[in-house]
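Peer 1:
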Amino acid sequence: MFNDEKISVSDRKPGKNSSTGISDELLQKSSSIGLRIKSDWRNNIEELNMSYCKLSKIHNLEGLVNLRLLKLSHNKIEKIENLEQCKKLGLSFQN
Numbered sequence: 004m005f006n007d008e009k010i011s012v013s014d015r016k017p018g019k020n021s022s023t024g025i026s027d028e029l030l031q032k033s034s035s036i037g038l039r040i041k042s043d044w045r046n047n048i049e050e051l052n053m054s055y056c057k058l059s060k061i062h063n064l065e066g067l068v069n070l071r072l073l074k075l076s077h078n079k080i081e082k083i084e085n086l087e088q089c090k091k092l093g094l095s096f097q098n
């Protein structure tokens, strides 16, 4: 939960099988900003909790220049791409 917004298990598990990546909608739901900011929302994300999302690939993180914390526990990640713009990033791979 970020800023008093709860994310349900169904929000975190987009399908029965592993998801191949991260959609913009899942990014917004899993971030500390939620869905409140409409324009230039990628620049405002500082924390992103992608735990329990059944992800096999991490991508679509371009433009998250202020991302400081990315939680990825309990996924099936095989590949992580496009972190070059995430200069402030710290990763969490706890099980």
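Count the sequence shown with the working numbering and you get residues 4 to 98, in order.
Just so it is clear, CB atoms sit at the ideal spot from N, CA and C, and this is done for glycine as well.
These numbers were taken from a predicted model, which means no experiment stands behind them.
#1: Between the beta-carbon of residue 47 and the beta-carbon of residue 33, is there less than 7 Å?
#2: From residue 45 to residue 55, what distance separates their C-alpha atoms?
#3: Residue 29 lies in the alpha helix (DSSP H); which residues open and close that run?
#4: If we ignore side chains and look at the alpha-carbon of each, how far apart do residue 30 and residue 59 end up?
#5: State the beta-bridge partners of residue 57 as determined by DSSP.
#6: Measure the beta-carbon distance from residue 108 to residue 62 and round it to whole angstroms, keeping in mind my assumption that it falls under 8 Å.
#7: Under a Cβ-count criterion, where at least 16 other Cβ atoms within 10 Å of its own Cβ denotes burial, should residue 85 be classed as buried or exposed?
Peer 2: This is what the structure holds:
#1: If you number the sequence shown from 1, residue 47 lands on position 44. If you number the sequence shown from 1, residue 33 lands on position 30. Going by C-beta atoms, residue 47 is not nearer than 7 Å to residue 33.
#2: In the sequence shown, counting from the first residue as 1, residue 45 sits at position 42. In the sequence shown, counting from the first residue as 1, residue 55 sits at position 52. Each residue's alpha carbon lies about 22 Å from the other.
#3: Locating residue 29 in the sequence shown gives position 26, where the first residue counts as 1. Bounds of the alpha helix (DSSP H) holding residue 29 are 27 to 33.
#4: Within the sequence shown, residue 30 is the residue found at index 27, counting from 1. Within the sequence shown, residue 59 is the residue found at index 56, counting from 1. Each residue's Cα considered, the two are about 15 Å apart.
#5: Position 54 of the sequence shown holds residue 57. Residue 57 is not bridged to any residue.
#6: With the chain covering 4 to 98 only, the question about residue 108 has no answer from this structure.
#7: Position 82 of the sequence shown holds residue 85. Residue 85 is exposed by the Cβ-count criterion.
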